[in-house]
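Q:
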Amino acid sequence: MDTCIICHKEVKAVSRTVLSEKGAEGIRNASKERNEALSCNTGDVVHKNCRRDFTDKRRILTAKRHFSGQQNTNQPELRSSSTFDYKSHCLFCSKGAKYNKLKRGYDVFAVRTIEFQKTILQICERRNDSWGDQVKGRINAVNDLHAADCIYHQTCNVSFRTMKNMPVLRSLNEPTPKKNCMLGRPAEENRLQAFQKTIQFLEENDDEQITISDLVRKMSEFCDEPFSAVYMKKKILEKYGDNIIITSINGKPDVVTLRYTARYILHNFFETSSNGVYRDKDAVIKAAANIIRSDIKAMETSKQAYPTATSVQSLSSNLGLPPLLNYISSSYRFYRKEGRP
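Here it is in structure tokens:
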């Protein structure tokens, strides 16, 4: 199935045009005049009407005037209304974002791998909504997001991946809006309510690598005066105690990971059993899986090296496995050795 590089829709045979070298050059020139980032090559397929409208001089002038009048507004910066710069605009929300390798903002990251691009395209298909279409259009406009120095907000990334709506973020040049804090309530009470909402966000997105800075930014969406990074870290530790780990992972400072201890998991398991709830073998396996998952999250790992097949099969190497997983593995080998099924 061929897809038009201009509108990103299916091209049927009756309206199909294959671009020659001259045709591709004409579309590239029109893209530059429109202040857009459309990429095309000889052999690409387009609709006849899309090509005609995209290269029409009068429509190009209209697009230029529209761009001049709208470039300072708060509307999403799409190809049809203004220039999208992969180096300074979020891939997901198209708002302005600032990335600095030495000192970045709260949650601005750069695309590092081609796997990220493939994953987001798959999520675009699953979402099948207007936001997914916008992101897909931006990705298809370039061959390699990493080569284009593309950046994104982690908040937007999490919302997009978890099938939520686009978060409301401010552009870098927009004035700071007033938060919807309830009038008449003490400021500290409002901050505590905002903190509880931030905690809820953390627990709902536990599988993501969320940092203390991400939580500070999230809290700023709920009140005018969020906690500082230092105080946020302190409050997180006070709330969860030993059930949370704050460490550096893959170069990210202060990554927050919930870790429910075996004692906590087993306490909930037996507490539910004592209340008369029937516990079958699936519930026991689920509790064991939660303990193993918790142990894995607490381990220090490295993505720089991958173990060989020999080391994976080695008993001494497996001693570094999570305790319960190591016990299950050892028990299985013992039963097989004894000739048990």
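All residue numbers for the sequence shown refer to my numbering, where the first residue is 110 and numbers rise by one. Just so you know, even glycine gets a beta-carbon here, dropped at the ideal spot from N, CA and C. On a predicted model such as this, the values are computed, not experimentally measured, just so you know.
What are the complete beta strand (DSSP E) segments, minimum 3 residues, inside the stretch 295-355?
A: none
Q: Mind listing, in chain order, the continuous alpha helix (DSSP H) runs of no fewer than 4 residues lying wholly within the stretch 124-180?
A: 130-142, 157-164, 166-179
Q: Quick check on this structure: which residue in 320, 152, 193, 329 has the alpha carbon closest to the alpha carbon of residue 345?
A: 320
Q: Would you decide whether residue 172 is buried or exposed? Buried here means 16 or more other CB atoms lie within 10 Å of its CB.
A: buried
Q: Report all residues from its chain with a CB closer than 7 Å to the CB of residue 149; omit the five preceding and five following residues, and keep chain order.
A: 114, 128, 133, 136, 137
Q: Ordered along the chain, which non-local residues of its own chain (more than five positions away) have a Cβ less than 8 Å from that of residue 256?
A: none
Q: Does DSSP put residue 201 in a helix, in a strand, or in coil?
A: Residue 201 sits in coil when the DSSP states are folded into three classes, being neither helix nor strand.
Q: Got a sec? Which residues, its chain only, sit under 6 Å from residue 335 by beta carbon, not counting five neighbours each side?
A: 325, 328, 329
Q: Using a Cβ-Cβ cutoff of less than 6 Å, which residues in the same chain neighbour residue 234 once the five nearest sequence positions on both sides are dropped?
A: none
Q: Does residue 254 come out as helix, strand or coil in the three-state DSSP assignment?
A: coil
Q: From the DSSP output, which residues share a beta bridge with residue 366?
A: 354
Q: Using only the alpha-carbon positions, how far apart do residue 239 and residue 248 sit?
A: 14 Å
Q: Should residue 204 be labelled buried (16 or more other beta-carbon atoms within 10 Å of its own) or exposed?
A: buried
Q: DSSP three-state call for residue 269: helix, strand or coil?
A: helix
Q: Along the chain, where does the alpha helix (DSSP H) that runs through residue 244 open and close?
A: Taken as a continuous stretch (DSSP letters only), the alpha helix (DSSP H) holding residue 244 covers 239-249.
Q: Taking the alpha-carbon of residue 350 as reference, which of 366, 264, 338 has the nearest alpha-carbon?
A: 366
Q: Per the DSSP calculation, residue 261 is bridged to which residue(s)?
A: 218
Q: I need the straight-line Cα distance from residue 164 to residue 142, nearest angstrom please.
A: 10 Å
Q: Within 10 angstroms of the Cβ of residue 139, are there 16 or more other Cβ atoms? Answer buried if so, exposed if not.
A: buried
Q: Between 266, 116, 154, which lies nearest to residue 126 when the distance is taken from Cα to Cα?
A: Closest option to residue 126, Cα to Cα, is 154.
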